[in-house]
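Those letters in the sequence shown? Residues 268 to 490, by the working numbering.
No residue lacks a Cβ here, since even glycine has one placed at the ideal position from N, Cα and C.
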Amino acid sequence: MTVKPLSRQRVAQIVADDIPDGSYVNVGIGIPTLVAGCIAPDKEIILHSENGILGLRGLHEGETPDPDLINASKVSVQLLPGSSICDQATSFAMMRGGHLDLTILGGFQVAPNGDLASWSLGLPGDVPGIGGAMDLVAGARRVAVAMQHCDRDGNSKLVSACTLPLTGPGVADVIYTDLAVIDIDPARGFVVRRMLRGLTREALQAATSAPLSYADEVTFIEP
268 MTVKPLSRQR VAQIVADDIP DGSYVNVGIG IPTLVAGCIA PDKEIILHSE NGILGLRGLH
328 EGETPDPDLI NASKVSVQLL PGSSICDQAT SFAMMRGGHL DLTILGGFQV APNGDLASWS
388 LGLPGDVPGI GGAMDLVAGA RRVAVAMQHC DRDGNSKLVS ACTLPLTGPG VADVIYTDLA
448 VIDIDPARGF VVRRMLRGLT REALQAATSA PLSYADEVTF IEP
């Protein structure tokens with residue numbers, strides 16, 4: 268592949284730009300954590316962290332972190348006016364009760380039917396951490412996965428069928444990678460909606476371990 272993949276920060280920005288105004292959103296570990304710092308100031312998006320914060324933002328450049336204010340990824344955050352802090356039981360009730368419009372998670376594998384594996388690589392000696400991921404994918408109205416297209420060994424994370432332990436079956440709606448934005452359609456599977464400028468369809472398919480189809484109008488992502 269001759270085209271340089273997008274940076275993690277650029278993927279996070281694309282995700283943030285796609286969030287509808289007025290949404291209540293949970294952001295997970297990895298690339299999703301970066302989304303909090305990419306939301307345009309003129310958009311009213313309420314971010315939720317499962318450790319009990321509703322109404323947070325990422326730190327501005329040069330801003331001194333408050334050691335008492337961290338999200339579920341242990342990253343320093345700041346509160347927005349009108350935000351609230353609650354116990355974890357109440358926070359999980361928000362997640363399980365269908366009160367979140369969107370959850371954004373990282374992923375190890377996603378299948379064309381929306382199956383998502385995001386919490387364990389199944390390796391001997393690993394200490395997997397499920398956290399609230401199962402609650403989030405079961406309770407949120409929409410699930411977005413933000414991840415690199417391939418793992419560090421060059422293996423596609425978009426697969427025909429997940430081989431790792433599932434976070435949830437048939438839960439993913441859209442995937443944001445460093446190569447493309449891909450919707451999951453019940454009838455068509457992976458449907459490419461946007462792709463990195465300069466990347467050919469042949470190269471994108473070669474980087475993907477499952478068949479791809481394309482939207483009627485595919486737009487291009489600038490690096």
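Round the Cβ separation of residue i and residue j to the nearest angstrom and send it over; I've been treating them as touching at under 8 Å.
i           : j           : result
residue 465 : residue 270 : 5 Å
residue 272 : residue 446 : 6 Å
Between residue i and the rest of its own chain, which residues show a CB-CB distance below 7 Å, the 5 nearest in sequence each way excluded?
i           : result
residue 455 : 480
residue 280 : 305
residue 401 : 434, 435
In this structure, does DSSP put residue i in helix, strand or coil?
i           : result
residue 468 : helix
residue 486 : strand
residue 302 : helix
residue 447 : strand
residue 455 : coil
residue 406 : helix
residue 312 : coil
residue 460 : strand
residue 282 : helix
residue 477 : coil
residue 324 : strand
Using a Cβ-Cβ cutoff of less than 6 Å, which residues in the same chain neighbour residue i once the five nearest sequence positions on both sides are dropped?
i           : result
residue 406 : 362, 363, 365
residue 441 : 411, 450
residue 358 : 317, 319
residue 310 : 288
Got a sec? Which residues, its chain only, sit under 8 Å from residue i by beta carbon, not counting five neighbours each side?
i           : result
residue 490 : 271, 273, 277, 463, 464
residue 282 : 298, 299, 302, 305, 371, 411, 413, 443
residue 330 : 345
residue 307 : 283, 284
_Could you tell me which whole beta strand (DSSP E) segments of length 3 or greater appear in the stretch 341 to 402?_
Segments of the beta strand (DSSP E) lying fully in the stretch 341 to 402: 344 to 352, 369 to 372.
*Decide if the stretch 333 to 345 is in contact with the stretch 374 to 381; the criterion is three or more beta carbon pairs, one per stretch, under 8 Å apart.*
Judged by Cβ distances under 8 Å, the stretch 333 to 345 makes no contact with the stretch 374 to 381, as fewer than three pairs qualify.
_For the pair the stretch 383 to 391 and the stretch 424 to 440, tell me if three or more CB-CB distances fall below 8 Å._
Cβ pair count under 8 Å is three or more, so yes.
*Contact the stretch 349 to 358 vs the stretch 318 to 329: 3+ CB pairs below 8 Å*: Counting Cβ pairs under 8 Å, three or more are found: they touch.
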